[in-house]
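For the sequence shown, the numbering used here puts the final residue at 158, and the numbers step up evenly by one.
Note sheet for the following structure.
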Amino acid sequence: MAPLKSILVCVPDSVDFSDPDPDQTQARGIQLVTNWDDSVIGVVGWSDGGWDALALAAEHQDLPRLAIVSTPFPDDIDGLIDRVDLSLITSKALLIFGSQDPLTGHRHGVSWQKRLSNARLEMVPGGGHDLLEPKWGRVLSHLAPRTRQ
């Protein structure tokens, strides 16, 4: 049996994360991790955890894929850029934002898309802030496109 591939999950510290769809994750031969190791094939960040995901993508420039879900674009972008050089991120990035998200929404998604060189923005009509669970299948298909289903 081939070794499992990993997706690193970044969520805010205050969130007790669990796999949104364990059956779907397992069917793709993926394990979820919270620390970097050599098995990581993609990183997903939700809400403020997206900033950590972006930092990892900048640090690990060979990371093929990145998903950013409902991550607020900082009011002080210069403060973030002092910590993370977004120009170093070469990962193919999927940005998922809800059109009805009171915290982020379209404006934040577009702002991230303008800052990341290889990003695709997908808006969820009527979607709010908690999109990681309902869009988990899409996140997996982006981060692990050639894994079994």
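The beta carbon of each residue, even a glycine, is placed where N, CA and C say it ideally should be.
- Counting only runs that start and end inside the region 47 to 96, the beta strand (DSSP E) elements of at least 3 residues fall at 49 to 55, 74 to 78.
- Rounded to whole angstroms, the separation of the alpha carbons of Leu17 and Asp47 is 11 Å.
- Looking at the backbone, the Cα of Pro111 and that of Pro81 are separated by about 10 Å.
- Taking 8 Å as the cut-off, the beta carbon of Arg74 is found no closer than this to the beta carbon of Leu149.
- A residue is called buried when at least 16 other Cβ atoms come within 10 angstroms of its Cβ; Asp61 meets this threshold and is buried.
- For Val78 against Leu141, the beta-carbon gap comes to about 5 Å, under 8 Å, which counts as contact.
- DSSP places Gly118 in the helix class (H, G or I) of the three-state scheme.
- Judged by beta-carbon spacing, Leu130 lies within the 8 Å limit of Leu104, meaning their Cβ atoms are closer than that value.
- Rounded to whole angstroms, Arg92 and His69 show a C-alpha spacing of 15 Å.
- Per DSSP, Gln33 lies in no beta strand (DSSP E); the unbroken alpha helix (DSSP H) holding it starts and ends at 31 to 36.
- For Gly107, the three-state secondary structure derived from DSSP is strand.
- For the pair Val53 and Cys19, the CB atoms are nearer than the 8 Å cut-off.
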